[in-house]
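Here full-length UniProt numbering is used: position 256 in the sequence shown is 256, and no number is missing along the way.
Note that CB positions come from ideal geometry on N, CA and C, so glycine has one too.
First up is the structure itself, then whatever we jot down about it.
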Amino acid sequence: MATILVATIVELLPTGGSAVADTMPSALPAQLVQDFHAAFGDHHARAVHAKGIILEGSFQPSADGARLSAAPLFRVGVPVTVRFSDFTGLPDIPDTSNDANPRGFAVKFHLPGGAPYDIVAHSFNGFPAATAAEFSSLLQALARSGPDVGKPTPLDRFFADHPRALAFFTTQKPPPESFATAAYFGVNAFIFTDAAGHSQSVRYRFVPEAGEHYLAPNALKARSATYLIDEIGPRVRAQPIRFTWYAQLSELSDAVDNPSVAWPENRRLVNLGVITIDRLAANVPDTDRGLLFLPGNLPEGIGIADPMVTIRNAAYPLSFHERQ
Ligand code: HEM
Numbered sequence: 001m002a003t004i005l006v007a008t009i010v011e012l013l014p015t016g017g018s019a020v021a022d023t024m025p026s027a028l029p030a031q032l033v034q035d036f037h038a039a040f041g042d043h044h045a046r047a048v049h050a051k052g053i054i055l056e057g058s059f060q061p062s063a064d065g066a067r068l069s070a071a072p073l074f075r076v077g078v079p080v081t082v083r084f085s086d087f088t089g090l091p092d093i094p095d096t097s098n099d100a101n102p103r104g105f106a107v108k109f110h111l112p113g114g115a116p117y118d119i120v121a122h123s124f125n126g127f128p129a130a131t132a133a134e135f136s137s138l139l140q141a142l143a144r145s146g147p148d149v150g151k152p153t154p155l156d157r158f159f160a161d162h163p164r165a166l167a168f169f170t171t172q173k174p175p176p177e178s179f180a181t182a183a184y185f186g187v188n189a190f191i192f193t194d195a196a197g198h199s200q201s202v203r204y205r206f207v208p209e210a211g212e213h214y215l216a217p218n219a220l221k222a223r224s225a226t227y228l229i230d231e232i233g234p235r236v237r238a239q240p241i242r243f244t245w246y247a248q249l250s251e252l253s254d255a256v257d258n259p260s261v262a263w264p265e266n267r268r269l270v271n272l273g274v275i276t277i278d279r280l281a282a283n284v285p286d287t288d289r290g291l292l293f294l295p296g297n298l299p300e301g302i303g304i305a306d307p308m309v310t311i312r313n314a315a316y317p318l319s320f321h322e323r324q
């Protein structure tokens, strides 16, 4: 049944992986959710980043954030809910697995008045595909490349034509010591508009106050399949976990619609403020099931620069409804 559905949707899709495809409100979001299921199985959980843990805290803005965007968020501290996660749609993926990279970091800012603002980031400064349509092709190649498939697999062929996808899967950092010791990247670009109406494209990054620490192979061997989930509770009870949130400012030559290319490291980073995580949430199935982070939930003063965000924003609720 699922195969027939996917085949039908594939016929409806525009061919190729152009940015134009990402602006179309086509069947692509539904296709992408099916692609995740084909690649990872459907476990009645998040289609991807299925394994995770929820914590609570607050955001305190910096003065520089308010200069860059008129968003009220940068004028007042607000509570946040965050969820750290492992990659793939496998709810029981071992935290020690390399396939669990990149790790996820999603933040929900509880703004005054109740309007939501969400950021959904991961621990790699880039993405394996330039557009959502290209990402769909990658997931389909992955799904068709099981251990019994002869070489070159569809994934090998995809990598041969898409070196950035190969780099994504082969240059991840080792598993982190803790979810609190990885840096996270927003990857897609957004537009900040200041009080005078001046606009600037930015990409987000979250830098851990505890420093970045990753596990050497020997140390990893001693860790359990749930070491990240087990570690974060005692850590946050002992002391708050902090991340500084930065906006990386684009320059004219930086593409805002291709998250597979990281912007040069010499681009200016503006400190937007600090996220302080100070307690575990009630990590019961109802809480996790009811939590939806939407990358297109934006406050006034922040807009979408990368069309991939629009497709993501349509795909996440489909997965959310499936897992109710
Ligand atoms: C076309 C590109 C993408 C698609 C189609 C996609 C799709 C999805 C879907 C369907 C979910 C599950 C939503 C839910 O059930 O609540 C999800 C979750 C997630 N995605 Fe994406 N995603 C894309 C790009 C990205 C990018 C660029 C990042 C990181 C920069 C990212 C990071 C995450 C994370 C961390 C979660 C877990 C959120 C949570 O904790 O609830 N995704 N994605």
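Next item on the list: Keeping to the same chain, check which residues put their C-beta closer than 6 Å to that of GLY301; ignore five residues upstream and five downstream.
Entry: Taking the sequence shown and counting its residues from 1, one reaches residue 301 at position 301. Within the same chain, Cβ atoms closer than 6 Å to the Cβ of GLY301 are found at SER69, ALA70, ALA71, THR193, the five residues on either side in sequence being excluded.
Next item on the list: With distances taken Cα to Cα, identify the nearest neighbour of HIS213 among SER178, VAL236, PHE206, GLY186.
Entry: Taking the sequence shown and counting its residues from 1, one reaches residue 213 at position 213. Nearest option by C-alpha distance: SER178.
Next item on the list: Look up ASN266 in the DSSP assignment and say whether it is helix, strand or coil.
Entry: The sequence position of residue 266 within the sequence shown is 266, counting from 1. In the structure shown, ASN266 falls within a coil segment according to DSSP collapsed to helix, strand and coil.
Checklist line | Own chain partners of LYS173 with C-beta closer than 6 Å, once the 5 adjacent residues on each side are dropped | finding: Position 173 of the sequence shown holds residue 173. The beta carbon of LYS173 is closer than 6 Å to those of TYR214 in its chain, skipping five residues each way along the sequence.
Next item on the list: To the nearest angstrom, report how far apart PRO14 and HIS37 are at their CA atoms.
Entry: Counted from its first residue, the sequence shown places residue 14 at position 14. Counted from its first residue, the sequence shown places residue 37 at position 37. Per-residue confidence for PRO14 stands at a pLDDT of 31, beneath the threshold of 50, marking its modelled position as unreliable; no derived number is given.
Check: Who does ALA247 pair with in a DSSP beta bridge?
Finding: Taking the first residue of the sequence shown as position 1, residue 247 is located at position 247. Note: ALA247 sits in a beta bridge opposite TYR204, VAL270.
Check: Between which two residues does the beta strand (DSSP E) carrying ASP118 extend?
Finding: As a first step, residue 118 must be located in the sequence shown, where it is residue number 118. Segment 116–122, the beta strand (DSSP E) holding ASP118.
Checklist line | Straight-line Cα distance separating PHE158 from ALA121 | finding: In the sequence shown, the residue the question calls residue 121 occupies position 121. In the sequence shown, the residue the question calls residue 158 occupies position 158. Going by the C-alpha atoms only, they are around 25 Å apart.
Next item on the list: Would you identify the three-state DSSP class for THR88, choosing helix, strand or coil?
Entry: If you number the sequence shown from 1, residue 88 lands on position 88. Correct three-state label for THR88: coil.
Notebook entry, point to check: In terms of DSSP beta bridges, what is LYS108 paired with?
Noted result: Here residue 108 refers to the residue found at position 108 of the sequence shown. Partner(s): THR81, ASP118.
Notebook entry, point to check: So what does PHE179 bridge to, in DSSP terms?
Noted result: Locating residue 179 in the sequence shown gives position 179, where the first residue counts as 1. Its beta-bridge partners do not exist; DSSP assigns none.
Next item on the list: Following the continuous beta strand (DSSP E) through ILE302, name the residue where it begins and the one where it ends.
Entry: Here residue 302 refers to the residue found at position 302 when the sequence shown is read from its first residue. The continuous beta strand (DSSP E) containing ILE302 extends over residues 302–304.
Notebook entry, point to check: Do the stretch 72–86 and the stretch 102–110 meet, that is, are 3 or more Cβ pairs less than 8 Å apart?
Noted result: Because the criterion of three Cβ pairs below 8 Å is met, the stretch 72–86 and the stretch 102–110 touch.
Check: How about SER85 and LYS51: are their beta carbons less than 8 Å apart?
Finding: The count along the sequence shown starts at 1 and reaches residue 85 at position 85. The count along the sequence shown starts at 1 and reaches residue 51 at position 51. Contact flag set, yes.
Checklist line | Which residues DSSP lists as bridging SER199, in chain order | finding: For the purposes of this step, residue 199 is taken as the residue at position 199 of the sequence shown. Note: SER199 sits in a beta bridge opposite THR193.
Item checked: Residues near ALA195 by beta carbon distance below 6 Å, same chain, minus five either side -> The residue you call residue 195 lines up with position 195 of the sequence shown. Result list for ALA195: ALA70, in chain order.
Margin query: Using a Cβ-Cβ cutoff of less than 6 Å, which residues in the same chain neighbour SER123 once the five nearest sequence positions on both sides are dropped?
Written below: Within the sequence shown, numbered from 1, the residue matching residue 123 stands at position 123. Excluding residues within five positions, the ones whose Cβ falls inside 6 Å are PRO102, ARG103, ALA182, TYR184.
Next item on the list: On a CA-only basis, which of ALA180, GLY273, ASP257, GLY197 is nearest ARG235? Give me that one, please.
Entry: Along the sequence shown, read from residue 1 onward, the residue named residue 235 stands at position 235. Closest by alpha carbon: ALA180.
Notebook entry, point to check: Quick one: Cα of ARG46 to Cα of GLN324, how far?
Noted result: The residue you call residue 46 lines up with position 46 of the sequence shown. The residue you call residue 324 lines up with position 324 of the sequence shown. Using only the alpha carbons, I get a separation of about 10 Å.
Next item on the list: Return no unless some Cβ of chain B is closer than 8 Å to the Cβ of GLU134.
Entry: Any reference to chain B falls outside this structure, which holds one protein chain only.
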